[in-house]
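*Asks:* Sharing a structure here in structure tokens format.
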Amino acid sequence: MIILSGSAIEAILLDRLQTEAAKARLSSKAPREPDLARWDLAQLIDVTVDLWPDLAGVEKLSHSVRGYRNLVHPGNEIRTGLTVAREEARIALEVLNLVHRELS
Numbered sequence: 017m018i019i020l021s022g023s024a025i026e027a028i029l030l031d032r033l034q035t036e037a038a039k040a041r042l043s044s045k046a047p048r049e050p051d052l053a054r055w056d057l058a059q060l061i062d063v064t065v066d067l068w069p070d071l072a073g074v075e076k077l078s079h080s081v082r083g084y085r086n087l088v089h090p091g092n093e094i095r096t097g098l099t100v101a102r103e104e105a106r107i108a109l110e111v112l113n114l115v116h117r118e119l120s
């Protein structure tokens, strides 16, 4: 559920930024890559919050989900020592709901 929540958050942020693509590319947080679809989740989060500062709560929570989502790579799980249980999955789903509410 965490991986799906992280992917859905990424899709929502990308969709929102694509509606303001020129503005997104000019953000001080924007990477050099002009194709928004090539930005990673961390970059999408940072640019979204740069353009809409009132979403600071979304930033902190989304970065947390991003960290857990990266556990899809077994090496990351071993290196970080993070584990995922039902509670983390529920939190990721609630963050997804929050992002959806705030950006819809």
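So in our numbering, spot 11 of the sequence shown is number 27, and the numbers just go up one at a time. Just so it is clear, CB atoms sit at the ideal spot from N, CA and C, and this is done for glycine as well. Quantities reported herein were computed from a predicted structural model and do not represent experimental measurements.
At a cut of 8 Å, does the segment 94-102 reach the segment 53-61 through at least three beta carbon pairs?
*Replies:* They do not touch, by the three-pair rule.
*Asks:* Measuring CA to CA, which of Ile107, Arg85, Ala105 and Ile61 is closest to leucine 119?
*Replies:* Here the closest residue by C-alpha is Ile61.
*Asks:* Can you tell me whether alanine 46 is helix, strand or coil according to DSSP?
*Replies:* Alanine 46: coil per DSSP, three-state reduction.
*Asks:* Pull up the distance between the alpha-carbon of alanine 46 and that of arginine 95, whole angstroms please.
*Replies:* If I take the Cα positions, the gap works out to 28 Å.
*Asks:* Could you tell me the alpha carbon to alpha carbon distance between leucine 112 and valine 63, rounded to whole angstroms?
*Replies:* Taking the straight line from one Cα to the other gives about 18 Å.
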